[in-house]
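If you read the protein sequences in the order shown, they are chains W and H. Counted the way our numbering counts, the first sequence spans residues 1 to 154. Counted the way our numbering counts, the second sequence spans residues 155 to 581. Here is the structure we will look at.
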Amino acid sequence: MMKIGFFSFTCCEGCTVMFIELLNKKFFEYASKVDIQNIRVLRSNETIGSLDIAFVEGAISTQSEVKKLKEIREKSQMVVALGSGAANGYPSNQRNSFDETRKKEIAPLVKKLHQLDEISPISKFVKVDDQINGCPVSEDELAVKMEGYLKKFS
Amino acid sequence: MHDEEFELEIKNVSKIEGHTHLDVKARNGKVSSCKLKISENKRFFTTAIKGAKYSMVPVTMSRICGTCSSAHVLCATEAVENAFGVKPSEQTFVLRNLLMYASQLRDHAMHLYFFCLPDLFNKDSVLDFNEQELGWVKDGFDLKAAGNLLATVIGGRPIHPHFPLIGGFSKIPEKAALENAKKQLIAVRPKILKIINLFYNDKSTFKRKTNYVALVNNDFNYLKGVIKTAKGTLINEENYGDHLQKVVLPYSTALGVEFESKEYMVGSLARMNLNKESLNKNTLRDAKKYLSEFPSDCIFRNNLAQAIEMLHDLDASLELLDYDFKKEAPVEVKVRAGTGVGVVEAPRGTLYYHIEFDSSGIVKNASICIPTQQNIIHLEKDVASYVEQMLAKKMSKTRIGHEVEKMIRAYDPCMSCATHFLRINWI
Ligand code: SF4
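See the structure below:
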C-alpha cells in the first residue's frame, strides 16, 4: 500500500477538495492500493507517521507552519507541492507586493498573528520532489500523477 | 454536585472546512468560557483587491474558499453589476442558478456523507467504513460526481469556475453535455431520498429559540430575493449593512457578526425555517413527511435541512435544464463611479459583498461578510450550554467531546471563508 498524507497550509483547501473529487471515480480502485493516513477533512489523525508521499497544499505564512512542514519533509520519502499555493505562493502571496500604504494597513495584524514578513512557496524551506500546478489542480492531471506514483511505490 | 473543574480542548477539529481549535472551561457544571479559536491564516483578500480592475474581482475573491467558490464568484459578480447598472439576460440568470444548485449539491453531499455520516456510524472516518457501510460512501461519491458534472458543464470546473463573467458567460453549454448532466442527476435522485431518511432518524437534539436570517423568494433560488428574519423583518439587499454589526473575537483570526446586536443563525436550517413552502413542487411532494420537522429550533436539524435542499437542488436543476439555451455574448459593461452590493445564499448561509469603485472601474474599497462569521457567536453559546446539559447528565469527557464535535459539524462552519479579510470596514 502506498502511504500518503495531505497537509494544508495557507490557502483555500480547493486542491485537497479536487483530490476528493477525483475519489468520486477512484475511491474503490484506490481502496486496495492507497492508504490515506492524514487528510484532515476526512479523518482526525494528527500524527504524522512515515509516509511515501506527502501532498502539501498552500503557501507558508507562519513559523509554526515552517516547523510542521519540516516535520512532514523528514517523515516522507517524497514531498509533492499540490497546487499553485504550495508551488509558487499564489494567491496567498498577494500581500508580498502590497504598496507601502497597504503594507502599513495590515502590519498590526501580520504582527498579531505572527505571520512571517513574506508569504512563500514551500520550496523556500524544504526540498520538493514534484509539483502539480494550477489553482486548483486539474482532476485529470492529478489522476495521471497518481498513476505514476502508484507505479513507483508498489 | 459537580464540584470539579472541567476542561475540554479539541485541537484541529477535523471533518470541517478549514482549521480551528475549541477550548471549553467549566466549573461546578457551569461553563465559564467557550472559545472557538479559528487558526486558519488570514490572507488579506479585501486589501489585495483594492486597486484592482473590476473584472478581476470575482476571480480573485473566488480563491477565498475552494468549497464555495461559486458563491463567491457570483456574489462578487452581482456586486460589480449593481455598481455599474449592468443587467444580465434571463438566460444568464438561469445558468447562474444552475451553477449555484450544482455547487450546493456537491457541497452538502461532501458535508453530509463525508463529515457527518461517520458520527452516525460511530466511526472516525469514511475511510474506516466496513463493507456494509460502504454503500453510503458510494452514494456520496455518486452525488458529488453528479453535482460536479453539472458545475463543470455550466461553470467550466467545479472549483473556481471560469466561464461566468460580469454580464454573462464566456461559454454556453452544448445540448449533449446538458442532457448528460440531466441523466446523471436523475440516476442519483433515489440516493438523496435515502440520506434524507437517514438524517430524519438521527435523534441528536439541542433546541433553543433564536433568530434566523435568509434571502427568500418564491422559488427557493439562492441568488435573488429579500432578506427575511424569523421575527418577520424584511430587508432589501442593498440595506443589509444597517442591520449587521461585526464583533471582534480577540482569540481568533476571524470576526463574528451580530444582527441588530443579537446573535442569529444563517444556513440551510434558516432557509428551511423561513421559506420551505417555496421549494420545488417535486421536492415538496417527496419530502413531505420530513418537511413537517420545520420550522425547527434544533441545530442538528441543519443536517436534515441540507439533505432536503439537495433534493430541491436536483429537482430545480432538472427543470432549468430544459431551458432553450442560445449563443449569447455577455452584456457590455460601462464603468462608472459607485457602490454595488451582492447578496447570495451560499451553501452555509447568506453571503454579502459590498464594493466601491472609482470612475475608471478600479476598486476603492471592499468589504464582505460570510456565513460562518454570522454563525460563530451562536455556535459558541450553543456549545457552552450543550456542555452544561451533558455535565448535568454526568456524561464522560470523551462522550462530551464527541457530541461537541458533532454539534460543530452540524453548524457546518467554513474557516477558510471566515479568515479571508482584514478590516472592520463596515458600512
Ligand atoms: S492553489 Fe488555489 S485552489 Fe489550490 S488550495 Fe490554493 S487557492 Fe485553493
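Even for Gly, the Cβ is constructed at its ideal location relative to N, Cα and C. Keep in mind the model is a prediction, meaning the values are calculated, not measured.
Item, Value
"Using only the alpha-carbon positions, how far apart do H:E391 and H:G379 sit?", "8 Å"
"Mind pulling the alpha helix (DSSP H) runs of 4 or more residues that sit fully within the region 277-302 of chain H?", "none"
"Check distances from the C-beta atoms of the region 290-307 of chain H to those of chain W and list, in chain order, the residues that come in under 8 Å.", "V291, K292, F295, D296, K298, A299 and N302"
"So which residues on chain H does W:S92 lean against when the C-beta distance must stay under 7 Å?", "R197"
"For a contact meaning CB atoms closer than 7 Å, what does H:C188 contact in chain W?", "Within chain W, no residue comes near H:C188; the closest Cβ sits about 20 Å away, beyond 7 Å."
"Taking H:T221 as the query, report the chain W residues whose CB atoms sit under 9 Å from its CB, ordered along the chain.", "C12, E13, G14 and V17"
"Check each candidate in H:A538, H:H316, H:E486 and H:I524 and name the one with the smallest Cα separation from H:A368.", "H:I524"
"In chain order, what residues of the same chain lie with their CB nearer than 8 Å to the CB of H:R553, ignoring the 5 residues before and after it?", "M544"
"Along the chain, which unbroken stretches of the beta strand (DSSP E) at least 3 residues long are found entirely within the region 422-448 of chain H?", "none"
"Should H:N236 be labelled buried (16 or more other beta-carbon atoms within 10 Å of its own) or exposed?", "buried"
"Please say whether W:E46 and H:N276 have beta carbons closer to each other than 8 Å?", "no"
"With a CB to CB cut of under 7 Å and the five nearest residues on each side skipped, what residues in its chain are close to H:L428?", "Y366, A368, V370, K382 and A384"
"Use the C-beta contact count for H:V497: other C-beta atoms within 10 angstroms, 16 or more gives buried, fewer gives exposed.", "buried"
"Note down, in chain order, all residues in the region 30-42 of chain W with a beta-carbon under 7 Å from any beta-carbon belonging to chain H.", "I36, R40, V41 and L42"
"Measure the CB-CB distance between W:E3 and W:D35 and report whether it falls below 8 Å.", "Here residue 3 of chain W is Lys; the residue named in the question, Glu, does not match the sequence. The answer is yes: Cβ separation under 8 Å."
"In chain order, what residues of the same chain lie with their CB nearer than 7 Å to the CB of W:S44, ignoring the 5 residues before and after it?", "none"
"Which value, in whole angstroms, describes the spacing of the CA atoms of W:L51 and H:G494?", "49 Å"
"Counting Cβ pairs, one atom from each stretch, are 3 or more of them under 8 Å apart for the region 454-471 of chain H and the region 418-428 of chain H?", "yes"
"Please classify H:L141 as buried or exposed, where buried requires at least 16 other C-beta atoms within 10 Å of its C-beta.", "Residue 141 of chain H lies beyond the stretch modelled for chain H, which goes from 155 to 581, so this question has no answer here."
"Drop a sphere of 10 angstroms on the beta-carbon of H:S446, count the other beta-carbons inside from all chains shown, and report buried for 16 or more, exposed for fewer.", "exposed"
"Which runs of the beta strand (DSSP E), 3 residues or longer, sit entirely within the region 56-129 of chain W?", "60-62, 76-82 and 115-120"
"Less than 7 Å separating the Cβ of H:H314 from some heavy atom of the ligand SF4?", "yes"
"Output yes if chain H places a C-beta closer than 8 Å to the C-beta of W:F163; else output no.", "Missing from the structure shown is residue 163 of chain W; chain W here goes from 1 to 154 and no further."
"Taking the beta carbon of H:V307 as the centre, do at least 16 other beta carbons fall within 10 Å, making it buried, or is it exposed?", "buried"
"With a cut-off of 8 Å, does the C-beta of W:I106 fall near any C-beta of chain H?", "yes"
"Check this for me: beta carbons of H:L228 and H:R260, under 8 Å apart or not?", "no"
"Would W:A107 be called buried (16 or more neighbouring beta carbons within 10 Å of its own) or exposed?", "exposed"
"Taking W:R95 as the query, report the chain H residues whose CB atoms sit under 8 Å from its CB, ordered along the chain.", "R197, F198, T201 and A202"
"Beta strand (DSSP E) containing W:K4: first to last residue?", "One point to set straight first is that residue 4 of chain W is Ile, not Lys, in the sequence displayed. M2 to S8 is the span of the beta strand (DSSP E), which, as asked, contains W:I4."
"Closer than 8 Å, CB to CB, is H:K325 near chain W or not?", "no"
"To the nearest angstrom, report how far apart W:V41 and W:N88 are at their CA atoms.", "24 Å"
"Measure the alpha-carbon distance for H:V558 versus H:K348 and round it to whole angstroms.", "26 Å"
"With a threshold of 7 Å on Cβ separation, who are the neighbours of H:V240 within its own chain once the five nearest residues in sequence on each side are excluded?", "I320, G321, V485 and V487"
"Nearest chain W C-beta to H:R425 closer than 8 Å, yes or no?", "no"
"Helix, strand or coil for H:Y506, going by three-state DSSP, please let me know.", "strand"
"Any beta carbon of chain W sitting closer than 8 Å to that of H:F268?", "yes"
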